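Comments concern the structure below.
Numbering (full-length UniProt numbering), first residue to last: 1 to 281.
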């Protein structure tokens with residue numbers, strides 16, 4: 001009974017803070033660290049020794065640990081990768097490194113008011129502008145709470161459509177029967193959000209909760225907020241992405257998969273880039 005009363009009191013306090021601050025023009029920056037682990041069981045080519053696997057995995061680690069900045073206000077946000085110096089010899093080698101180098105993610109923009117999503121992407125130097133609606137989430141509240149920094153967070157879970165390419169995709173010489181079945185593009189996610197920052201925003205394409213999302217767990221990827229800077233007077237400019245050929249997310253994914261298959265074939269034959277420079281559809 002005592003624990004239930006304490007939990008209820010905390011909830012009341014947080015939602016009181018949320019109600020008071022809701023009238024403010026909430027804006028700021030949130031810094032996130034994104035980490036993706038590699039499926040070592042399917043990593044590398046058959047017969048590759050463990051030392052070689054480890055060396056390549058260590059090189060890839062730098063590419064799979066990224067820092068992002070989310071600049072947000074009540075209605076808009078832009079999610080940008082923080083630039084960092086490339087580590088000497090950190091490029092790695094092989095199919096996955098080639099894939100990451102030729103399929104480049106750009107800034108992600110969300111507008112809650114008009115439900116729009118924009119992202120600049122690049123395939124083999126060809127620029128695209130993904131223009132679509134923001135994804136919808138049917139969040140389920142779990143009742144769990146935890147502290148992230150100074151913020152009390154609540155857990156929510158849901159299912160999302162998995163867009164884009166996966167660094168844990170199969171090796172180019174694996175049998176086709178090991179592939180996931182067609183249409184398996186859904187992934188279960190768990191997030192932690194705080195009503196103390198009453199904006200329906202979050203990293204990447206996440207949104208839709210009564211507070212800023214501070215942590216995301218999606219498959220082998222974890223996104224965790226490390227710092228928040230709130231601003232009341234000085235406004236940061238949220239620049240709407242505008243460069244590249246307009247394309248929907250579904251169309252871009254279809255094009256990406258086609259180019260990746262071409263790259264696989266070239267990789268098997270010891271060749272280079274797919275023909276057409278990513279521009280042909």
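All C-beta atoms in this analysis are idealised placements derived from N, C-alpha and C, irrespective of residue type, glycine included. Note that the coordinates shown come from a computational prediction; the quantities given were computed from them, not determined experimentally.
Per-residue DSSP class, three states only, for residue i
{"i": "residue 137", "result": "coil"}
{"i": "residue 209", "result": "coil"}
{"i": "residue 121", "result": "strand"}
{"i": "residue 238", "result": "coil"}
{"i": "residue 282", "result": "Past the edges of the chain, shown from 1 to 281, lies residue 282, and the structure says nothing about it."}
{"i": "residue 50", "result": "helix"}
{"i": "residue 185", "result": "coil"}
{"i": "residue 179", "result": "Note that residue 179 scores 40 on pLDDT, short of 50, meaning its location in the model is unreliable and no value can be drawn from it."}
{"i": "residue 128", "result": "strand"}
{"i": "residue 200", "result": "coil"}
{"i": "residue 253", "result": "helix"}
Contact belief for residue i with residue j at Cβ below 8 Å, rounded distance in angstroms
{"i": "residue 235", "j": "residue 27", "result": "6 Å"}
{"i": "residue 282", "j": "residue 211", "result": "Only positions 1 to 281 of the chain appear in this structure, which leaves residue 282 out of reach."}
C-alpha gap between residue i and residue j, whole angstroms
{"i": "residue 257", "j": "residue 123", "result": "11 Å"}
{"i": "residue 344", "j": "residue 136", "result": "Outside the shown range of the chain (1 to 281) lies residue 344, about which nothing can therefore be said."}
{"i": "residue 94", "j": "residue 51", "result": "With a pLDDT of 47 at residue 94, under the threshold of 50, the modelled position of that residue is not reliable, and the figure given next carries that caveat. Cα to Cα, the separation comes out at about 15 Å."}
{"i": "residue 228", "j": "residue 55", "result": "35 Å"}
{"i": "residue 240", "j": "residue 259", "result": "27 Å"}
{"i": "residue 110", "j": "residue 158", "result": "19 Å"}
{"i": "residue 224", "j": "residue 133", "result": "25 Å"}
{"i": "residue 118", "j": "residue 155", "result": "27 Å"}
{"i": "residue 219", "j": "residue 197", "result": "26 Å"}
{"i": "residue 145", "j": "residue 29", "result": "23 Å"}
{"i": "residue 269", "j": "residue 238", "result": "45 Å"}
{"i": "residue 243", "j": "residue 78", "result": "15 Å"}
{"i": "residue 263", "j": "residue 74", "result": "42 Å"}
Paired residues, beta bridge with residue i - DSSP
{"i": "residue 282", "result": "This structure cannot speak to residue 282, because the chain is shown only from 1 to 281."}
Inset, instruction - Spell out a yes or no on whether the region 186 to 193 and the region 204 to 224 are touching, meaning 3 or more CB-CB pairs, one atom from each, closer than 8 Å. - result: yes
Legend entry - Cβ contact check for the region 242 to 255 and the region 116 to 130: 3 or more pairs under 8 Å: yes
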